[in-house]
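Note sheet for the following structure.
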Amino acid sequence: MVGKIKKKTDNNVIEEMLTVVKNSLDDGKAEDMVVIDLEGKSSIANYMVVASGTSNRHVASLAENLQLKLKEKGYQSITEGMEKADWVLVDAYDVIVHIFRPEVREFYSLEKMWSAVKPR
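Residue numbering for the sequence shown follows numbering that gives the first Met the number 0, beginning at 0 and increasing consecutively.
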């Protein structure tokens, strides 16, 4: 995301946002959810969540419902990738969510890439 300004958010708010994300994805039957703590690894966010949907329609539905849940709690988010819904990014600033179809997730292997990043 070009030009994104990172705001410093209270840790309790970040943890609440992460809970909203996890609950929304659980409620929508997302598969293989992984939460990656980015503290000390990156300044782009505090957490990255990676999950899978079973189809393009499921991926899009998970992303739409997540955006609604975040908005209900007063959190802003930006979504990219809804057109194809192979890989949808929901950027809630302090928590970044990647929702993939399984084949696309396996191809990009974000979890492996981020677990290999050494702390700054």
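Yeah, the Cβ is synthetic: ideal placement off N, Cα and C, and Gly gets one too.
**Request:** Go ahead and pull the three-state DSSP assignment for residue 42.
**Result:** coil
**Request:** Assuming residue 68 and residue 33 form a contact by the criterion Cβ under 8 Å, report the distance between their Cβ atoms to the nearest whole angstrom.
**Result:** Not quite, the Cβ-Cβ distance comes to about 19 Å (not below 8 Å), so this is no contact.
**Message:** My output table needs one value for residue 35: the three-state DSSP class, helix, strand or coil.
**Reply:** strand
**Asked** Which one or two residues does DSSP pair with residue 30 in a beta bridge?
**Response** In DSSP, residue 30 forms a bridge with 51.
**Message:** Measuring only the C-alpha atoms, how far is residue 43 from residue 50?
**Reply:** 19 Å
**Prompt:** Assuming residue 78 and residue 66 make a contact with CB atoms under 8 Å, what is their CB distance in whole Å?
**Reply:** 6 Å
**Request:** From the DSSP output, in three-state form, read off residue 79 for me.
**Result:** strand
**Asked** When the Cα atoms are used, what is the spatial distance from residue 85 to residue 96?
**Response** 14 Å
**3 or more residues per run - each beta strand (DSSP E) lying fully within the segment 88-114** = 94-99
**Asked** residue 100: which of 14, 25, 57 sits nearest, CA to CA?
**Response** 57
**Asked** I think residue 93 touches residue 45, with their Cβ atoms under 8 Å apart; what is that distance to the nearest whole Å?
**Response** 5 Å
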